[in-house]
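Below is one structure, written out as structure tokens; the observations come after it.
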Amino acid sequence: MLATRGLTWRIGEVAIVDSVYLDLQPGEFLGVIGPNGAGKTSLFNLITGLRRPTEGKVLLDGADITALPPHRRARLGLGRTFQASSVFGSLTVRENVRLAVQAHRGGSMKLWRRAAADREVAAAADAALDRVGLHHRGTALAGTLAHGEKRKLEIALLLAGEPRVMLLDEPMAGVSAEDVPELVSVIKSLTGDSGRAVLMVEHHMDVILELADRIAVMHHGALLACDTPDTVMANATVQEAYLGEAL
Amino acid sequence: MAAEPILSVEDLSVRIAGLHILQGVSFEVAPTGVTVLLGRNGVGKSTTLRAIVGLTPRNGEARGAVRMGAQSLLARPTHRLVRGGLGYVPEDRCVFAGLTVTENLRLAERRGTTPAYDKVFALFPELDRRGRQRAGSLSGGQQQMLAIGRVLLNDNRLLLVDEPTKGLAPKVVTEVAEVLERVAESVPVLLVEQNLAVVRRLASDAVVLSAGRVAWTGDARELLLETALTKSLLGVGSGEVHA
Amino acid sequence: MTEVKSAEVPAPPATVPDELSPGHARWHGLRPYLPLVALVVAAVLPYSTLNLPGVFEGPLNSPGTLQLLAICLVFGGLAAGYDLLFGRTGMLSFGHALYFAAGVYGTDVLITKAGLPLWQAALLTVVGGTTLAALLGAVALRTVGIAFAMVTLAFAQVGAILVARDFGGLTGGEEGLPLDVSGLPAALVGVTNTVNLYWLALAYLALVVLVVHRVSGSPTGRVLAGLRDDERRIGVLGLDPYRFKLVAFTLAGGLATAGGVVYVLIVGGASPHITSSELTLSLLVMVVLGGPGTRWGPVLGGILYMYLDHRLTAFGSSDAVNNLPAFLSHPLSQPLFVLGTVFILAVYFFPGGLASLRTRLTPLLTTLRPRR
Amino acid sequence: GSPQDTASGGGDAAPVKVGLVYSQSGPLASYGKQYIEGFKAGLDFATKGTGKVGDRKIEVTEADDAGDPAKAVSATKDLIGKGTKIIAGSTSSGVALQVAPIAAQNKVLFISGPAATDAVTGANKYTFRSGRQSWQDVVTAKSFIGDAAGKKVVVFAQDGAFGDANEAAVKAVIGGAGATVSSVRAPASATEFTPFASQIKAAKPDLLFVAWAGTTAGAMWQTLDQQGVLASTTVVTGLDIRASWPTFGAAGSKISFLSHYFDGASDTEAAKAAKAKVAGGTLDLFHPDGFAAAQMVVRAVQEGGDDVDKMIKALEGWEFEGVKGTMKIRAEDHALLQPMYQAKLSGSGTAFTATAQKTLTGDESAPPVAQMKG
Amino acid sequence: MNTVVLLALTGLGLAALYFLVASGLSLVFGLADVLNFAHGLFLGVGAYATWWAAGNLPGAGSDGLGFVVAVAFGVLAGALVAVLVELVLIRPLYSRTIEQVLVTVGLSLAGVALLQATWGADPRPFPRPDWSRDVTAVLGAQVPNAGLLLIVAAVVVLGALLAFLRWTRYGLIIRAGVENREMVTALGIDVRKAFTLVFAIGGAAAALAGALGGVYFGTVSPGQGGSLLIFAFIVVVIGGMGSVVGSAYAAVAVGLLQQFVNYYGTSGLGDLCVVGLLAVVLLLRPQGLAGKVAHA
Ligand SMILES: Nc1ncnc2c1ncn2[C@@H]1O[C@H](COP(=O)(O)OP(=O)(O)OP(=O)(O)O)[C@@H](O)[C@H]1O
Ligand SMILES: Nc1ncnc2c1ncn2[C@@H]1O[C@H](COP(=O)(O)OP(=O)(O)OP(=O)(O)O)[C@@H](O)[C@H]1O
Ligand SMILES: [Mg+2]
Ligand SMILES: [Mg+2]
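Chains as they are written, first to last, in this note's numbering: chain D, 41 to 287; chain G, -16 to 226; chain A, 7 to 378; chain V, 167 to 540; chain R, 2 to 297.
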């Protein structure tokens, strides 16, 4: 479904992302782990078009999308969340999600219709909010949310766009322990049988192990391994470079 | 708590933009070891730390009393507090994106003390290697290292650390935990942390916040041992800790 | 009072477009009609002979007062249009005066030099100004932030230089170009018809307010609000930021051009200082004075600014000022001194602009209101 | 009430309303100040201290336009709306040009003030002027070169209408007399004049005519002096208000000035009367304009009462003794024919004196007759 | 040949003037993140204070040491006013960019009007040493000494600013403070002092530009600062916000361009070219000549 072919991003001489070949099958859940600074977020930026690769290609459903700007890729069904929450701070939580729904459904270039009148958008937005459990915060300004709540809103924004390929950048970071299971189940439900694929960066190994079909390990920008969880966890290099001795 | 507390918070109330976020929070921080501040997202942990260092936002106000020794903290400007030995590592790392790593560290030097670069670089060799890189282009984990490293350059009487392991690789989490453990041998730490494994390893005392009030204070081990208590306060069984 | 903080937080007006947040239930029935009431009141104002000494030179329906009000209304509309860019989309343009000037000079030149009838001149000008905005916007929007502000400023500066150069005697250079009224409808000419100009200005203001409010309450408006917060995010949601910004820029440019058409009729000529960057800066000041992104703030800001700008000259030469000791009367007789001081004071006394007054007064009103 | 109310003129003994719209603040405030001082002195002079024409008091209302035509238009409409039949003032050309049509549309008398633009002359039949126009400056400049035939003249002027008008006038007046005229133009915002000075020098003119107004004049003169332009040719320019004299610095004594007016240029009855009334006892560039405006107002009221058409008739062709001497309102286009002066500046530091070299009579400096436009 | 030399040197003189105005602006704009529309006022204060001192201050005059004293007084006055402005007006408004615009615009209007109310709108002759009115022959070109004085002053100011930013800790504090004031305080630094200092320096640079501009123009008038300001803004932006070196390059580019185009082209073309340069630079390199690439 999504594939990268020798994706490389250099700044000067340094390869931040180094010749990465990835293949994501429909319905697959691919976890990405790797030490801090391995280039995971950078890889996401290349895939979603926020950065242009110096070499290599990004393919979606076999078509080359390397030259497309971010919004074109999003329209093709590529959605993502950000590591540092990036929500529309001066809009309410509900408006945030409605905007995302509307962006997905089209009809954003309607200058003379009342936005609030679109019941379908409102309903879809509320559904997304419900799914991440933010319904009660609907009228709060997104900028004033606590950190964990912003993470949930990020996911709601992603859900609203109903993407076929989802890139999650550390969705669990900063989420309180209690809410982890709930979010895990939300993320789990993202793939299901709908044929959607997920690429998720996460440092919480238990979450990765629970969700991922395969795990890709990045190190110094390169793909160290990409295999089933068991194989990856048994890999000595991974143990040494990433996991260390568990607490 | 037998020994005199290093920091005591009494009836701390914070209002921001008309919202009553902290509603009479009182607790004490022991003069040694790690006191951990727990609670779900949005209960006001970060707000508490920020109120202590005097960083309540402009549209808010903090009332009550915060004392370090005989000194009252609330009315004093932040930079004075910090110079007086109160180290603060904020939640969002807040490294200066436009400055290089070295410049970030140099900025943290305090006048009249010798900065302990050896100590910091020994803990985070990455910072030494990336000295000339702009902090904004560091990865999330590297930024966290920088944020902690910045504070450790100086001698502190008390450290306030807000979710230091957020977004860190398991290996680094372990490292950070070790660092904090070692730091805590000489300086008391007030720590906000979601990772219960880290909490278990470090914490001696615990304060649990719930909806802007203190729900529980006491021995951290006791809290984590009693499944029922953990469940009711933190919403997780102590077994379901991710590591 | 120790109730647990509620999750339902009334949003501060300065940051959320009203259209997007639910208002108080009690107002819901009435609020939609308030603008209409205001419009009707403004429309019948010229029938009033009310005399407000000190506020206006003559009674409300005297030509001088109506002329002043007409100018104020046009600027209320201009400021509201500029707010579509600045307050609602977060684009800081320093070249908005260019499109206003295009309206003024375009109409003036087409009528005076080319001898076109008013409606043709106006139509051509508005189309031309809007196209100009679309073209220049398409280039300028390749940049963001301060760079964008400066590129727009540069374009406007070119306009100013061209007007000052007076190519072919078209613009009259620094002396300006008086409007040739011989071909205009008689109803728009002469002091006795000032009231018609007033109504024209009012219609313009109403149009701008309607457009701005419809647009910002529309799906597009929602995207514009999103752009203001995080452009990158909008892109990742699948929307092209550039397109939406260009639409806002063009629309605002078109509204400003239309304002220029009305203005030239009111003033009866074009003069080069409307091309200056200072005018854009004043627009910015008007919006900030009123409260960016709010429903009525920019309109009020524009009206108040122009009112002060015109009336302070009279204040400066009034006896009240002249009788003061020299160290007071000298500065106070400088209209710009008073205007500047008002801005500064406004920032400290009405942060968030005039529009925040209501929210700031609400607690006061609630305490004053008898409890039921 | 009605949607708009406009007061109408009063009866016979009612005071005559005169509106003065001029710059009290803004960049031209000092011109405005001279104008109003002159006007008051002139009113005093023409009404013999009574402030009345017959038994009707002249009631003067002043309004500040701050140099902004839009404000001037508002103020004018306000005054007209209140029944004022005579408007005077307009310190700047932009204001004069936009107020003139308003006067015509509403059929009130308009007497433009210091505004120098030629376009006011013949603007419409309701518009008169109480000051000189650019053309008269240029004619005066021409008097410096004697026989123009075969001479080379360069005009150095600002971009824009003021510069255009001067250039056109020089081409017509001096060029028409047989000189070849070229021009060097500079943006009004220029701060560095070396390129222009070099261009002028390279042209090697017999006469340089400079039309420059604004705060950069000091720098401009200094550069012309430093680059040797002033030493190499005859340089003519208009003499600005007294306060600007020191800004000529050393260049001042090397320039031939044409002058609209300066203290001591004339010794008429009116000048004496004006001197006595003006603060400091020193007349300046625009005192005569205000003075003449007042004289014209009094004449208009005397002969025309409340009837604007009669006022116009009374003014057209009227000859009177103003501060500068004999002035004549030309009937065809309402140009104000008046004496003009050649002057020299001497002194140093802040103390400069101007002395008249030659006086041109009103007829000698008369502009060509303009077509009356409306 | 000597025309080229003349144009180049006078162009550099003009560039030096632009740089002097722009340096303070750039500092305040780039480092303290304040779009200071009142910069022209600081300029005016410097010019008028120098003018006043030369006539009234004992020890000061229009020549020799007296002139130096007068300029020093002007610079001091500019710095002082800037500090006052920062303390009273700007300090409560950091990170509220838009309100800052309102305040600084208000200040420039009110300040210039105040100068005009006090000393009138007309230009006044500026006290200056006699040698500054003369010319020096360089390769056959008669170069005005005032222009040379400006060039020297600009080089000195450039060096001093670079030294300050590079070798003092303040440079670092200021740059960090622009990003996140709160966090700078949380490192134990009184960030407010640093920002006051930036304003003081900016004000002093502007005042120096005002005083030397007075020498250059030979006159002083209330609006003088404002007219220079637009080119100074252009210089700051072309150079890259906050980059003093960038401002220097940009000033030279703008000064020379204006001078040569005005000579070889038609009038007004120089200004158009400068504006065109601005647009082109920004479209190709939105961060300006010396600016760094913005980060996501
Ligand atoms: N614009 C940039 N300039 C220079 N270096 C950069 C830039 N962006 C990223 N880097 C470097 O690239 C590397 C990869 O960064 P990235 O953010 O992708 O890491 P990551 O794997 O997401 O780490 P983390 O888990 O800590 O978030 C880091 O070393 C970072 O410092
Ligand atoms: N500037 C602000 N304006 C309005 N509300 C705020 C502001 N800062 C925080 N809040 C609110 O205060 C509450 C507590 O926030 P705080 O950041 O202290 O929570 P926290 O316990 O640290 O949560 P987390 O675990 O997610 O970091 C939240 O509901 C948040 O929305
Ligand atoms: Mg990352
Ligand atoms: Mg927190």
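C-beta: ideal position from N, C-alpha, C; glycine also.
Remember, it's a predicted structure, so these values are computed and weren't measured experimentally.
**Request:** Give the DSSP bridge partners of Pro247 of chain A, in chain order.
**Result:** Paired residue(s): none; Pro247 of chain A is not in a bridge.
**Request:** Anything in the region 45 to 59 of chain R with a Cβ closer than 9 Å to a Cβ of chain V? List those residues in chain order, please.
**Result:** none
**Item:** Chain-ordered chain R contacts of Arg148 of chain A [CB-CB under 7 Å]
**Value:** Leu284
**Request:** Determine contact between the region 50 to 58 of chain A and the region 227 to 238 of chain V, defined as no fewer than three beta-carbon pairs at a distance below 8 Å.
**Result:** no
**Length at least 4, wholly inside the region 424 to 461 of chain V: the alpha helix (DSSP H) runs in chain order** = 435 to 443
**Prompt:** Comparing alpha-carbon positions, which option in V:Ser309, V:Phe359, V:Ala397, V:Lys218 lies nearest Pro371 of chain V?
**Reply:** V:Ala397
**Request:** Confirm, please, whether the CB-CB distance from Ala108 of chain A to Leu141 of chain A is below 7 Å.
**Result:** no
**Asked** Can you give the Cα-Cα distance for Gly404 of chain V and Ala480 of chain V, rounded to whole angstroms?
**Response** 32 Å
**Asked** What span of residues does the beta strand (DSSP E) with Ala170 of chain A cover, start to end?
**Response** Not the beta strand (DSSP E): Ala170 of chain A falls in the alpha helix (DSSP H), residues 151 to 171.
**Prompt:** Taking C-alpha atoms, which residue in V:Ala520, V:Gln504, V:Asp472, V:Ala262 lies nearest to Ser422 of chain V?
**Reply:** V:Ala520
**Request:** Count the C-beta pairs between the region 39 to 51 of chain R and the region 202 to 220 of chain R that are closer than 8 Å, then say yes if the count reaches three, no if not.
**Result:** yes
**Asked** Looking at the structure shown, is Glu237 of chain A part of a helix, part of a strand, or coil, going by DSSP?
**Response** helix
**Message:** Using a Cβ-based criterion (distance less than 6 Å to any ligand heavy atom), does Gly123 of chain G qualify as near ligand 3?
**Reply:** yes
**Asked** Is the closest heavy atom of ligand 2 to the C-beta of Ile131 of chain G under 6 Å?
**Response** no
**Message:** Using beta carbons (cut-off 7 Å, strictly below), is Val195 of chain A in contact with chain R?
**Reply:** no
**Asked** How would you list, in chain order, the residues of chain D whose beta-carbon sits under 9 Å from the beta-carbon of Leu179 of chain G?
**Response** Ala217
**Lys154 of chain G versus Val134 of chain G: straight-line alpha-carbon distance, rounded** = 21 Å
**Message:** Please return the same chain residues whose Cβ sits closer than 6 Å to the Cβ of Tyr197 of chain V, not counting the five positions on each side in sequence.
**Reply:** Thr257, Pro280, Phe452
**Message:** For the region 395 to 418 of chain V, list every residue whose C-beta sits within 8 Å of some C-beta in chain R, in sequence order.
**Reply:** Ile407, Ala409, Ser410, Pro412, Thr413, Gly415, Ala416
**Message:** Classify Gly29 of chain A: buried if its beta carbon has 16 or more other beta carbons within 10 angstroms, exposed otherwise.
**Reply:** Below a pLDDT of 50, predicted positions are generally treated as unreliable, and Gly29 of chain A, at 45, falls in that range; no measurement from the model is reported.
**Counted within 10 angstroms of its Cβ, other Cβ atoms place Val281 of chain R as buried (16 or more) or exposed** = exposed
**Request:** Give the secondary structure of Ala276 of chain A by DSSP, where H, G and I count as helix, E and B as strand, and everything else as coil.
**Result:** strand
**Prompt:** Within this structure, are the beta carbons of Ala210 of chain R and Val236 of chain R separated by less than 7 Å?
**Reply:** no
**Message:** For chain R, check one thing: does any of its Cβ atoms lie closer than 7 Å to the Cβ of Arg351 of chain V?
**Reply:** yes
**Asked** Considering Val187 of chain V, what are the terminal residues of the beta strand (DSSP E) in which it resides?
**Response** 182 to 188
**Request:** Assign His102 of chain A to one of three DSSP states: helix, strand, or coil.
**Result:** coil
**Prompt:** DSSP beta-bridge partners for Gln324 of chain V?
**Reply:** V:Ala352
**Prompt:** Closer than 6 Å: is that where the CB of Ile56 of chain D sits relative to any heavy atom of ligand 1?
**Reply:** yes
**Request:** Pull every residue with its beta-carbon under 7 Å away from any heavy atom of ligand 4, and keep them in chain order.
**Result:** D:Ala186, D:His187, G:Lys28, G:Ser29, G:Glu74, G:Asp145, G:Glu146, G:Val175
**Request:** Compute the Euclidean distance between the alpha carbons of Val348 of chain A and Gly107 of chain R, then round it to the nearest angstrom.
**Result:** 7 Å
**Message:** By alpha-carbon positions, which one of R:Ala39, R:Val89, R:Tyr171 ends up nearest to Leu110 of chain R?
**Reply:** R:Ala39
**Request:** Give the secondary structure of Ser9 of chain G by DSSP, where H, G and I count as helix, E and B as strand, and everything else as coil.
**Result:** strand
**Request:** Please indicate yes or no: does the CB of Gln123 of chain D lie closer than 6 Å to some heavy atom of ligand 3?
**Result:** yes
**Asked** What in chain R is Cβ-close to Thr319 of chain A, meaning under 8 Å?
**Response** In chain order: nothing, as chain R lies at least about 12 Å away.
**Item:** Local Cβ density within 10 Å of Ser512 of chain V, reported as buried at 16 or more and exposed below that
**Value:** exposed
**Message:** Tell me the DSSP secondary structure of Phe356 of chain A in three-state form.
**Reply:** coil
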